[in-house]
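Residue numbering for the sequence shown follows the working numbering, starting at 1 and increasing by one per position. The block underneath contains the structure these notes are about, expressed in structure tokens.
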Amino acid sequence: ARFVVAEVKRMELPEIDDDLALAYDFDDLGTLEARIREDVNARHEQSADLEVEEEILDGLLGRCEIPLPEDGLEKAIEGSLREAIIERIYSGSFDANEQSIEQLREELAGETRTRVERSMRLWYLIEKIAKAEKIFATENDYEARIVAMARARNTTPTKIREQIAEKEAENDIRASILESKVRKWLTDKAEIAEESVDGPASKGDEAAEGSES
Numbered sequence: 001a002r003f004v005v006a007e008v009k010r011m012e013l014p015e016i017d018d019d020l021a022l023a024y025d026f027d028d029l030g031t032l033e034a035r036i037r038e039d040v041n042a043r044h045e046q047s048a049d050l051e052v053e054e055e056i057l058d059g060l061l062g063r064c065e066i067p068l069p070e071d072g073l074e075k076a077i078e079g080s081l082r083e084a085i086i087e088r089i090y091s092g093s094f095d096a097n098e099q100s101i102e103q104l105r106e107e108l109a110g111e112t113r114t115r116v117e118r119s120m121r122l123w124y125l126i127e128k129i130a131k132a133e134k135i136f137a138t139e140n141d142y143e144a145r146i147v148a149m150a151r152a153r154n155t156t157p158t159k160i161r162e163q164i165a166e167k168e169a170e171n172d173i174r175a176s177i178l179e180s181k182v183r184k185w186l187t188d189k190a191e192i193a194e195e196s197v198d199g200p201a202s203k204g205d206e207a208a209e210g211s212e213s
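Following this line, the structure appears as structure tokens:
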């Protein structure tokens with residue numbers, strides 16, 4: 001069979017000018033560029049903050065004994081492993097001609113167990129700190145998160161609430177808010193602790209000392 005290419009179309013990019021800015025509801029190109037710079041800087045700061053948070057939490061997890069309920073742990077691992085297998089299959093990276101489901105399961109089992117164990121230990125730690133320091137996810141926090149989600153997805157808070165109700169995800173969102181507040185508390189405490197000593201300090205160690213007091 002022969003195929004004849006009748007026409008080749010190229011995507012034409014829009015001119016980067018004030019008209020483009022107006023199309024995205026900005027007053028002019030300078031305003032659009034400033035907003036882009038702000039977004040990029042915010043992402044960089046967020047990434048740096050996350051690294052600090054993880055350093056602190058890893059330090060705490062390394063110092064705290066947090067026993068996990070065996071039944072709950074195994075159920076969580078099994079559920080997460082099942083999701084990982086399904087994701088691998090639907091991503092197209094699984095070849096049934098080269099690997100069986102059981103082999104894929106064995107490949108993913110170790111990493112999944114490590115991830116789930118850390119996640120569960122982390123949540124128990126978050127709850128313990130929140131209780132000790134009287135940190136709560138308030139209704140105002142929840143409403144602010146709804147508004148932020150709506151803005152990010154270019155929809156209304158009402159639509160977001162409907163989606164949350166449909167997925168029964170309210171408890172997950174409240175848990176996420178609580179974790180965010182505890183993480184901020186830890187980083188703030190670590191920064192204060194660093195400023196109070198003469199020499200450089202490990203943020204993970206300082207936060208750990210604060211949480212144990």
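Every residue gets a Cβ at the ideal spot worked out from N, C-alpha and C, and that includes glycine. Bear in mind that the values here come from a model prediction, so they are computed numbers and not experimental data.
- In the three-state reduction of the DSSP assignment, residue 96 falls in the coil class.
- The Cβ atoms of residue 85 and residue 104 lie closer than 7 Å to each other.
- The continuous alpha helix (DSSP H) containing residue 157 extends over residues 157 to 167.
- Taking C-beta atoms under 8 Å as the contact rule, residue 126 and residue 178 qualify, at a distance of about 7 Å.
- At the C-beta level, residue 150 and residue 174 stay beyond 7 Å of one another.
- In the structure shown, residue 124 adopts helical secondary structure according to DSSP, grouped into three states.
- With respect to the C-alpha of residue 71, the residue from 40, 117, 106, 34 having the closest C-alpha is 117.
- Here residue 53 really is in contact with residue 183; their C-beta atoms are around 5 Å apart, less than 8 Å.
- Each residue's CA atom was taken as its position, placing residue 166 and residue 59 some 38 Å apart.
- The residue from 135, 88, 123 with its alpha-carbon nearest to that of residue 101 is 88.
- For residue 140, the enclosing alpha helix (DSSP H) covers residues 139 to 152.
- With a cutoff of 7 Å on beta-carbon distance, residue 73 and residue 112 are scored as not near each other.
- In the DSSP assignment, residue 86 falls within the unbroken alpha helix (DSSP H) covering 70 to 91.
- In this structure, residue 115 keeps its C-beta atom at 7 Å or more from the C-beta atom of residue 61.
- Rounded to whole angstroms, the gap between the alpha carbons of residue 144 and residue 95 is 44 Å.
- Classified as exposed, residue 159 has fewer than 16 neighbouring CB atoms from the shown chains inside 10 Å of its CB.
- In the structure shown, residue 65 falls within a coil segment according to DSSP collapsed to helix, strand and coil.
- Our two residues, residue 155 and residue 97, have alpha carbons roughly 44 Å apart in a direct line.
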